[in-house]
Amino acid sequence: MKGMISMAVQVGHRTAHDPARASALPAWRQAHPGRSLLPDSLRGGQHDHGHARTSWAARQMALWSRVLAAPSASAIRPRIRDTSWPVAREAASVGRTRRVLTTQLSSWGLHELTDTAQLLASELITNALRHAHGPIRVHLRVHDAFLRCEVEDADPTGPVPRTAGADAESGRGIELVVALAQTWGSDSTLTGKTTWFELPLPGSGHDSTYAAPTQ
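Count the sequence shown with the numbering used here and you get residues 43 to 257, in order.
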C-alpha cells in the first residue's frame, strides 16, 4: 500500500518500472471502489466528495450567472479632440479649410464656435498664403476649456497688429483676431512660426474679451 501511494505522488520524477506494483494497482482499485490513492492530507482533508462537488458547482453557477455591465466607450478610449491637416498653397485652400472646420467642430459638438473659428482661421491662412513661403498646416484641438487653432508656416516673422484704413480692402486679419479671440499669439519654430488663437468653449464660464498676445 505505501509503495503504491509513493508511486502515485512522485510527480516529475522518473522511477524504474516495477511489474509487481503495476499488477497490484488494478486489484487494489477493484477492492476499494471510489477510494483515492492520495491520503486525506493531500486531498485537503475532504471526505464528503458529494458536498465538495456541489459547492464547486454552486460557485461556478454564481460566477457565470452574474450580469456584467458593458464598459462605456469613454472608459475604453478617452475622447480625443485633436486633429491637423496640410493646406495647399492655392486660393481655394481658404474655403476648403472653412468646410473642414465646420465638419470637425460639428463632430465635436461645438457648433456655436463654427462661425468665429472659420473667420479667424481664414484670416490666418490668408496671411500665410500671402506672406510666407513653403508648407502650411492647420492644427485644431480642444484643451482645458478652450478651442485652439494653430496655423503653421515657414516664415519666421510674426504678425503685427495694425489698424487698417476705412477704405482698405485688406490688412484686417490680425485686427479681427485681436477683437474676437480670447487670446492669440505667435510662437517661433525650427522651420518658421505658428500663429494661433483660442476661443472659450460654450458654457466654460470664460468670456471672449481680448487678451494680449503671447510671444
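C-beta: ideal position from N, C-alpha, C; glycine also.
Starting from the Cα of residue i, find the closest Cα among the options and give me that residue.
i           : options            : result
residue 125 : 179, 166, 164, 175 : 179
residue 235 : 196, 216, 103, 160 : 196
residue 243 : 140, 142, 147      : 147
residue 200 : 183, 237, 184, 175 : 237
residue 188 : 245, 157, 128, 129 : 245
residue 140 : 229, 97, 182, 227  : 182
residue 130 : 232, 224, 230, 174 : 174
residue 143 : 159, 132, 134      : 159
residue 277 : 134, 100, 156      : Because the chain in this structure spans residues 43 to 257, residue 277 falls outside the shown range and cannot be described.
residue 192 : 103, 100, 128, 101 : 128
Go through its chain and collect everything with a Cβ distance to residue i's Cβ below 7 Å, but skip five positions before and after it.
i           : result
residue 210 : Note that residue 210 has pLDDT 43, beneath the 50 cutoff, so the model's placement of it is unreliable and the number below is only indicative. The answer is none, since no qualifying residue turns up.
residue 169 : 201, 215
residue 253 : At residue 253 the pLDDT is 47, less than 50, meaning the model places this residue with poor confidence and gives no usable figure here.
residue 198 : 230, 234, 235
residue 100 : none
Is any non-hydrogen atom of the ligand FMN found closer than 7 Å to the C-beta of residue i, if you look at the structure I gave you?
i           : result
residue 181 : The ligand FMN is not part of this structure, which contains no ligands at all.
Enumerate in chain order the residues of its own chain whose CB-to-CB distance from residue i is below 6 Å, with the five nearest sequence positions on each side excluded.
i           : result
residue 176 : 196
residue 150 : 123
residue 229 : 236
residue 186 : none
Cutting at 8 Å between CB atoms, please list the residues of its own chain near residue i, excluding the five before and the five after it.
i           : result
residue 161 : 218, 222
residue 156 : 143, 144, 147, 148
Between residue i and residue j, which are expected to be in contact by the criterion C-beta below 8 Å, what is the C-beta distance as a whole number of angstroms?
i           : j           : result
residue 190 : residue 154 : Between residue 154 and residue 190 the Cβ distance is about 16 Å, and since that is not below 8 Å, they are no contact.
residue 40  : residue 231 : Since the displayed the chain opens at 43 and closes at 257, residue 40 lies outside it and no answer follows.
residue 184 : residue 164 : Residue 184 to residue 164, Cβ: 20 Å. No contact.
Answer with buried or exposed for residue i, where buried requires no fewer than 16 other C-beta atoms within 10 angstroms of its C-beta.
i           : result
residue 227 : buried
residue 166 : buried
residue 97  : exposed
residue 132 : exposed
residue 208 : Because the pLDDT of residue 208 is 45, which lies under 50, any placement of that residue in the model is unreliable, and the question is left without a value.
Of all the CB atoms in chain D, is at least one closer than 8 Å to the CB of residue i?
i           : result
residue 136 : Given the protein chain composition of this structure (a single chain), no chain D is represented.
Go through the region 108-182 residue by residue and report every complete run of the beta strand (DSSP E) that reaches 3 residues or more, in order.
124-129
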